[in-house]
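The block underneath contains the structure these notes are about, expressed in structure tokens.
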Amino acid sequence: MSDMLPKLFFTHFRPTSFVAECEGNIVGFIVGFVSQTSSAEAYIHFVGVSPDFRKGGLGRTLYEKFFEVTSKLGCRVVRCVTSPVNKSSISFHQRMGFAVEPGDKIMDGISVFENYDGEGEDRVLFLKRLNAIEAVCQP
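Here is the structure:
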């Protein structure tokens, strides 16, 4: 899994990218960042969980950490993109509270953006609104 993780992501997006390890091995990661265009938005770029660690909540934990950190940085929206053929990713994002953004065509009952990443590269775009995290003061 470490061959999937270019170092530049963890150099330039360190505050919003996280790795999960077990016995010294990387078993999951999430790479995301605060938008340079809109500081109230964050974007999840790349996520992976080792097959042996799927269905155990690690993906949810990584996403929740990302939501927590980006909310504290002032983000109110998280966006991400997946392929319309990646049914498990679509299902996961919907379970995590992401809404599918209305695209320009429907594939298998899901709204997609046709040619989003180039000719024949349709994508499903997701949006999740974050609740503001309020500081709790202890007397």
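If you read the sequence shown in this note's numbering, its first letter stands for residue 1037, the second for the next number, and so on.
Every residue, glycine too, gets a C-beta built ideally from N, C-alpha and C.
Give me the DSSP bridge partner(s) of residue i.
i     : result
G1068 : I1080
V1136 : F1162
T1097 : None; T1097 has no bridge partner.
V1063 : BP columns for V1063 are empty, so no partner.
Classify residue i as helix, strand or coil using the three-state DSSP reduction.
i     : result
E1057 : strand
F1103 : helix
R1050 : helix
S1086 : coil
K1108 : helix
S1127 : helix
Taking 7 Å as the cut-off, is the beta-carbon of residue i closer than that to any non-hydrogen atom of the ligand GDP?
i     : result
F1134 : In the structure shown, the ligand GDP is absent, as is every other ligand, since no ligand is present at all.
Give me the Cα-Cα distance between residue i and residue j, rounded to the nearest whole angstrom.
i     : j     : result
Y1152 : D1140 : 10 Å
D1088 : H1081 : 22 Å
L1109 : E1100 : 14 Å
G1092 : E1155 : 36 Å
F1065 : L1094 : 9 Å
A1135 : G1060 : 35 Å
M1037 : S1086 : Unreliable placement is indicated for M1037, whose pLDDT of 47 sits below 50; the coordinate value is still reported in the next sentence. Distance between the alpha carbons of M1037 and S1086 is about 7 Å.
If you count every other CB in all the chains shown that lies within 10 Å of the CB of residue i, and 16 or more means buried, which is it?
i     : result
P1051 : exposed
Q1174 : Confidence is the limiting factor: at Q1174 the pLDDT is only 37, short of 50, which leaves the residue's position unreliable and the question unanswerable from this model.
L1098 : buried
V1148 : buried
P1042 : exposed
Looking only at its chain, what residues have a beta carbon closer than 7 Å to the beta carbon of residue i, apart from the 5 residues adjacent to it on each side?
i     : result
E1057 : V1063
C1111 : V1070, A1076, E1077, A1078, L1166
A1171 : Here A1171 scores only 41 on pLDDT, less than 50, and its place in the model should not be relied on; the value that follows carries that caveat. So the list is empty, once near-sequence residues are dropped.
Grab me the residues of residue i's own chain with a C-beta within less than 6 Å of its C-beta, minus the 5 sequence neighbours each way, in chain order.
i     : result
V1114 : A1078, K1164
I1150 : A small fix is needed here, since residue 1150 is Glu in this sequence, not Ile. Excluding residues within five positions, the ones whose Cβ falls inside 6 Å are D1140, K1141, D1158.
Which same chain residues end up closer than 8 Å to residue i when comparing Cβ atoms and leaving out the 5 residues on each side of it in sequence?
i     : result
V1105 : P1051, T1052
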